[in-house]
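S.K.: So in the numbering used here, spot 2 of the sequence shown is number 68, and the numbers just go up one at a time.
Ideal Cβ positions, reconstructed from N, Cα and C, are used throughout, including at glycine.
The model shown is predicted, which means the values in this text are computed figures rather than measured ones.
My questions will all concern the structure given below.
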Amino acid sequence: MSIRTPLIAGNWKMNKTATEATDLVKAIAAAVGTESAVQIVLCPPFTALSAVCAAAEGTHLAVGAQNMHDKTHGAFTGEVSAAMLRDLHVTHVILGHSERRAIFGEDDAFINRKVNAALAASLKPILCVGELLAEREAGTTNAVVKRQVELGLAGVPAGKAEQVIIAYEPVWAIGTGKTATPAMAQEVHAFIRSLLVTQFGAETAGRVRILYGGSMKPDNADALLAEHDIDGGLIGGASLEAKSFVDLVQSAAKSLTR
Ligand code: 13P
67 MSIRTPLIAG NWKMNKTATE ATDLVKAIAA AVGTESAVQI VLCPPFTALS
117 AVCAAAEGTH LAVGAQNMHD KTHGAFTGEV SAAMLRDLHV THVILGHSER
167 RAIFGEDDAF INRKVNAALA ASLKPILCVG ELLAEREAGT TNAVVKRQVE
217 LGLAGVPAGK AEQVIIAYEP VWAIGTGKTA TPAMAQEVHA FIRSLLVTQF
267 GAETAGRVRI LYGGSMKPDN ADALLAEHDI DGGLIGGASL EAKSFVDLVQ
317 SAAKSLTR
């Protein structure tokens, strides 16, 4: 059995008004109860964070943002800081999602500054990495993931590395209904853990959660979560409805008993 607590995170992307988000949190909280062996993090859009934090109070659910800026304050129109998120009782933040990289031009250096800023503010970063289809076909998956992990975690003190969560999200699997096979995903997860061993040592690397993301659904989750280095999921589409999301939480709980 793994020493790592499984984590299921919902990335709601640009979905759910604050009202819709509150309903979803209540439905998830009612189904999960106050006890679970699985850590659960809900990541609504900024506009719903306050409502989700309020609805999640006293439940087993933690709340994450989908992005933040690395600076503490200033003339950065449209951005939010780590302190603003902390003030709402947000505990996690997704950083470097492939949609931020591809659509909004975020590079590894910018993402790295955000990772360090999040840690400095005691927010847990969920650092997303993953290759494009063309990169997988060209055989460069490991090189791409290595660059994203090493540059993304540059300057992270070993003492804080356990706070980091990595999400391996092959870009070709996101929102496409195509998943990496459990063996394909496990291979990359084990590779990522080997990079963490090099940077932080075996003990710390053994404690970092590495999530899989990319069309994870109730019908493929058991097999993915059974893999040794897959410690949970970062869920897009299937996180938008309570039933499918809670099914995934239950799959993660089951993975502990195998
Ligand atoms: P899907 O689960 O919709 O493929 O999205 C995955 C994702 O991008 C989570 O961050």
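To the nearest angstrom, how far is it from the Cα of residue 185 to the Cα of residue 161?
M.R.: For the purposes of this step, residue 185 is taken as residue 119 along the sequence shown, with counting starting at 1. For the purposes of this step, residue 161 is taken as residue 95 along the sequence shown, with counting starting at 1. Near 12 Å, if we compare the C-alpha coordinates of residue 161 and residue 185.
S.K.: Beta carbon of residue 218: closer than 7 Å to some heavy atom of the ligand 13P?
M.R.: Working through the sequence shown from its first residue, we reach residue 218 at position 152. Residue 218: no, Cβ never under 7 Å from the ligand 13P.
S.K.: What residues in its chain sit with their C-beta under 6 Å from that of residue 103, if we drop five residues either side in the sequence?
M.R.: For the purposes of this step, residue 103 is taken as residue 37 along the sequence shown, with counting starting at 1. Contacts found: 319, 322.
S.K.: Could you have a look at residue 141 and say whether DSSP puts it in helix, strand or coil?
M.R.: In the sequence shown, residue 141 corresponds to position 75, counting from 1. DSSP places residue 141 in coil when its eight states are reduced to three.
S.K.: Do residue 74 and residue 301 have their C-beta atoms closer together than 8 Å?
M.R.: As a first step, residue 74 must be located in the sequence shown, where it is residue number 8. As a first step, residue 301 must be located in the sequence shown, where it is residue number 235. Against a cut-off of 8 Å, the Cβ pair of residue 301 and residue 74 comes out as a contact.
S.K.: Between residue 254 and residue 98, is the Cβ-Cβ spacing less than 8 Å?
M.R.: Mapped onto the sequence shown, residue 254 falls at position 188. Mapped onto the sequence shown, residue 98 falls at position 32. No; because the gap between Cβ atoms is not below 8 Å, this pair is not in contact.
S.K.: Can you grab the Cα-Cα spacing for the pair residue 148 / residue 123, in whole Å?
M.R.: Here residue 148 refers to the residue found at position 82 when the sequence shown is read from its first residue. Here residue 123 refers to the residue found at position 57 when the sequence shown is read from its first residue. Their Cα atoms are separated by approximately 20 Å.
S.K.: Taking just the CA atoms, how far does residue 204 sit from residue 242?
M.R.: As a position in the sequence shown, residue 242 is number 176, starting the count at 1. As a position in the sequence shown, residue 204 is number 138, starting the count at 1. Roughly 20 Å between the two C-alpha positions.
S.K.: Buried or exposed: residue 173, going by 16 or more other Cβ atoms within 10 Å of its Cβ?
M.R.: Here residue 173 is taken as the residue at index 107 of the sequence shown, counted from 1. Classification of residue 173: exposed, given that the 10 Å Cβ count is below 16.
S.K.: Answer yes or no: do residue 240 and residue 267 have a C-beta to C-beta separation smaller than 8 Å?
M.R.: Along the sequence shown, one-based indexing puts residue 240 at 174. Along the sequence shown, one-based indexing puts residue 267 at 201. No. Outside cutoff.
S.K.: Mapping the DSSP letters down to three states, classify residue 275 as helix, strand or coil.
M.R.: If you number the sequence shown from 1, residue 275 lands on position 209. Residue state, collapsed to three classes: strand.
S.K.: Ordered along the chain, which non-local residues of its own chain (more than five positions away) have a Cβ less than 6 Å from that of residue 291?
M.R.: Here residue 291 corresponds to residue number 225 of the sequence shown, with the count starting at 1. These residues qualify, in order along the chain: 317, 318, 321.
S.K.: Please return the same chain residues whose Cβ sits closer than 6 Å to the Cβ of residue 138, not counting the five positions on each side in sequence.
M.R.: One-based indexing of the sequence shown puts residue 138 at position 72. These residues qualify, in order along the chain: 147.
S.K.: Could you check whether the Cβ of residue 241 sits closer than 7 Å to any heavy atom belonging to the ligand 13P?
M.R.: Position 175 of the sequence shown, counted from the start, is the residue given in the question as residue 241. Residue 241: yes, Cβ under 7 Å from the ligand 13P.
S.K.: Would you kindly work out how many angstroms separate the C-alpha atoms of residue 214 and residue 159, rounded to a whole number?
M.R.: Reading the sequence shown from its first residue, position 148 is the one you call residue 214. Reading the sequence shown from its first residue, position 93 is the one you call residue 159. Answer to the nearest angstrom: the Cα atoms are 17 Å apart.
S.K.: Residue 69 and residue 272 - do their beta-carbons sit closer together than 8 Å?
M.R.: Translated into positions along the sequence shown, residue 272 becomes position 206. Translated into positions along the sequence shown, residue 69 becomes position 3. Their beta carbons are under 8 Å apart, which means residue 272 touches residue 69 by this criterion.
S.K.: When you compare the CB positions of residue 216 and residue 206, do they come within less than 8 Å of one another, or not?
M.R.: In the sequence shown, the residue the question calls residue 216 occupies position 150. In the sequence shown, the residue the question calls residue 206 occupies position 140. Taking 8 Å as the Cβ cut-off, residue 216 and residue 206 do not qualify as a contacting pair.
S.K.: For the ligand 13P, I want to know if residue 280 counts as a neighbour, meaning its beta carbon is within less than 7 Å of at least one of the ligand's heavy atoms.
M.R.: Along the sequence shown, read from residue 1 onward, the residue named residue 280 stands at position 214. Within the cutoff, so yes.
S.K.: Give me, in chain order, the residues of the same chain whose beta-carbon lies closer than 7 Å to that of residue 117; leave out the 5 immediate sequence neighbours on both sides.
M.R.: Walking along the sequence shown from the start, residue 117 turns up at place 51. Within the same chain, residue 117 has close Cβ partners 84, 87, 88.
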